[in-house]
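At position 4 of the sequence shown (counting the first as 1) the number is 4 in full-length UniProt numbering, and the numbers step up by one without a gap.
Data block below; observations after.
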Amino acid sequence: MNIAIIGLGEVGRCYAGALAGLPGTKLLLCEQRISELAAKLADELHLPIHESVGPWLDDADWVLSCVVGTKSLEVAEACFVSMKPGTSFADFTTASPEIKRQGASLAQEKNIAYADVAIMGAIALLGARTPLLCAGSGAEPFAALVAKAAGVAPGVLPDGRAGDAMSLKILRSVFTKGMEALAVELLMAAERQGLRTALYDVLQDIDKASLPEFLEMLVTTHVIHAQRRQHEVEEAERQLAAIGIVSDVLDGVQHRFARTAEKLNRSPLPTEKPGLSDALTWLSAEPTKAAA
């Protein structure tokens, strides 16, 4: 099997090293700006480095695109010109879901299987064993390929279309980066008051809850109690300010609660005890214009 790796940054070098050990595998390397690390890898593998995509890709059964996200579609289009029908393409880039869907559409026109690959961890820490999530027509064969090389199978979204894996990576970032910013402010405030250890004690009930159930509980109760909770957020913001912490997080939280509270005044909930679907449908609906 011939596998081309386009881009020899951290990701490309990682998977080149892992795939090079597969019996019967020949690697083809490509990098426009060859770094010392890329040159060292190529020397260790006794392989040349192509400086641009071209007809040499006609030999590739798989092409792994490990370039920067802004070059995702440009590189994919260039690769598809030289790739043979029946081959496969895996896009490791951080391009948007829409860009990956465009890439998959172009691949389909050439009868090339396309895998949207989202890296869900830190390559620097886990290397080729870093969790991956993939979607698209080439997802399952790609997962099988990586499982052979790294001993860990990437996750595959059943019936997922290209772009879905990247969408989930972005949604995960909304959660983790939001939690990160909140944790910074929360632990700063607790430490400043000498209450960090005690804070962990009062959060134990949350720690024992299932994360999906906890998130769903927050949303279903939010649409009922947003007005009261908005005042609690305002008070919390004042308390942090009193100990010298200007909260960036709570300012955004207050706006979210205020938006829901305003909508409740204009468009009451259709049921007194909404389920998750009821709450999300109501929250997602276009706001009702106030009566003249």
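The beta-carbon is built from N, C-alpha and C at its ideal position, and this holds for glycine as well.
Bridge partners of W62 according to DSSP: I3 and S88.
With fewer than 16 other beta carbons inside 10 angstroms of its own, Q204 counts as exposed. Comparing alpha-carbon positions, the option among A90, D248 and T25 lying closest to E140 turns out to be A90.
In this structure F175 is exposed. Its beta-carbon is surrounded by fewer than 16 other beta-carbon atoms within 10 angstroms. Here the C-alpha atom of R129 lies approximately 12 Å from the C-alpha atom of V11.
Cβ-Cβ separation between G155 and S65: approximately 19 Å, too far for a contact (criterion under 8 Å).
The region 65-84 and the region 98-116 touch, with no fewer than 3 CB-CB distances between them shorter than 8 Å. Contact between L133 and A165 holds, since their C-beta atoms are separated by about 5 Å, short of 8 Å. Closest option to P274, judged by alpha-carbon separation, among A150, I224, S284 and G138: I224. Rounded to the nearest angstrom, the Cβ distance from K169 to M120 is 6 Å, consistent with a contact under 8 Å. Between E185 and V249, the C-beta gap is smaller than 7 Å, which places the two residues in contact. For K148, the three-state secondary structure derived from DSSP is helix. Under the DSSP assignment, K26 falls in the beta strand (DSSP E) whose first and last residues are K26 to C30.
Residue pairing by DSSP places I49 opposite L29 in a beta bridge. Distance from the CA atom of A18 to the CA atom of G151, rounded to whole angstroms, is 10 Å. The C-alpha of L29 is placed about 7 Å away from the C-alpha of L47. Between A135 and L157, the gap from beta carbon to beta carbon is short of 7 Å. Around the beta carbon of V202, a 10 Å sphere encloses fewer than 16 other beta carbons of the protein chains shown; the residue is thus reported as exposed.
If you draw a straight line from the Cα of K26 to the Cα of E36, it is about 22 Å long.
Between the region 266-286 and the region 215-229 there are three or more inter-stretch CB-CB distances shorter than 8 Å, so the stretches are counted as touching. For the alpha helix (DSSP H) assignment, the uninterrupted runs of no fewer than 4 residues enclosed by the region 201-289 are, from N- to C-terminal side, 204-207, 211-242, 248-266 and 276-284. Put simply, of K263, G9 and I3 the residue whose alpha carbon is nearest the alpha carbon of L22 is I3. The alpha-carbon of E262 is positioned some 10 Å away from that of P268. Residues of the same chain with a CB within less than 6 Å of the CB of V146, apart from the 5 flanking positions on each side, are P154 in chain order. The residue from A113, M179, F92 and E232 with its alpha-carbon nearest to that of H255 is E232. Counting of Cβ neighbours within 10 angstroms places F214 among the exposed residues, the total staying below 16. Comparing alpha carbon positions, the residue from A113, A198, L171 and A190 closest to R161 is A113. With a contact defined as Cβ atoms closer than 8 Å, S88 and W62 qualify at about 5 Å.
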